[in-house]
Every structure is written in structure tokens, then in C-alpha cells.
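Peer 1: Here it is, the structure, as C-alpha cells.
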Amino acid sequence: MLLTQRTLQTIHGYCTRNRRLMEESKTAGCFSCGETFTASDVREWVRERDAATGAPNGETAKCPRCGFGAVLPSAAPITLTPELFRAMQSFWFKGTH
Ligand SMILES: [Zn+2]
Numbered sequence: 038m039l040l041t042q043r044t045l046q047t048i049h050g051y052c053t054r055n056r057r058l059m060e061e062s063k064t065a066g067c068f069s070c071g072e073t074f075t076a077s078d079v080r081e082w083v084r085e086r087d088a089a090t091g092a093p094n095g096e097t098a099k100c101p102r103c104g105f106g107a108v109l110p111s112a113a114p115i116t117l118t119p120e121l122f123r124a125m126q127s128f129w130f131k132g133t134h
């Protein structure tokens, strides 16, 4: 997979409002800490709200290891590799993490 900026932005979509994808996943990986774990290890969820209306708008998995909402479900149409985690980490957390 060619990891262009556009690809990394698309992949980022799988780590937010991903409760349904997580429920279809066996495993998941966090690109904040680089850990992979069983999808059912996720116990905490961020309740997202629509920015304009404040209405509930999906739930985002929090990493059971580091607590960041940077969890990529295995059911997403991507392959969870260390290379992908590194690319995502340097793109999204550059200078802040
Ligand atoms: Zn993590």
C-alpha cells in the first residue's frame, strides 16, 4: 500500500466513530503506542457529538494501553502493520507526541 497523505487521512477515519467496525473486528491496533490487542479489550469509548447540533454522533474506541483514540479495527479495509502504525504516528502526532 502506498501511504500517501490522502491514504493516511482516509485511514484516520477508521479510528474515529469506529464502534461498529470494532464490534466486527477480532483484533485492533493503536498507532499512538503501536500495540495490537483483542478488539474486545477496548472498554472505554468517547461519545462523539455533532459539532453543529450537539446530537450524539457515534463512539470512538480508546486504546486500552495508552488511552488515545487512535485505534484501528482489523475489520477496516486496511492491513495493520508496524509500517502503517509508524506512518500514521508520524503524520498525526508529529510534534505533539
Ligand atoms: Zn495505544
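Numbering-wise, the sequence shown is residues 38 to 134 according to the working numbering. Note that CB positions come from ideal geometry on N, CA and C, so glycine has one too. Quick caveat: nothing in here was measured; it's all calculated off a predicted structure.
Is it a yes or a no for the segment 44–52 touching the segment 84–93, going by three-plus beta-carbon pairs under 8 Å?
Peer 2: No, the segment 44–52 does not touch the segment 84–93.
Peer 1: Heavy atom of ligand 2 less than 7 Å from the Cβ of Arg102, yes or no?
Peer 2: Of the ligands one can find in the structure shown, namely ligand 1, none is ligand 2.
Peer 1: Whose C-alpha, out of Thr97, Arg80, Asp78, is nearest the C-alpha of Thr53?
Peer 2: The shortest C-alpha separation from Thr53 is found at Thr97.
Peer 1: Would Ala65 pass as a contact of Phe74 if the rule is Cβ separation under 8 Å?
Peer 2: Result yes, Cβ atoms of Ala65 and Phe74 sit closer than 8 Å.
Peer 1: According to DSSP, what are the bridge partners of Phe74?
Peer 2: According to DSSP, Phe74 bridges with Ala65.
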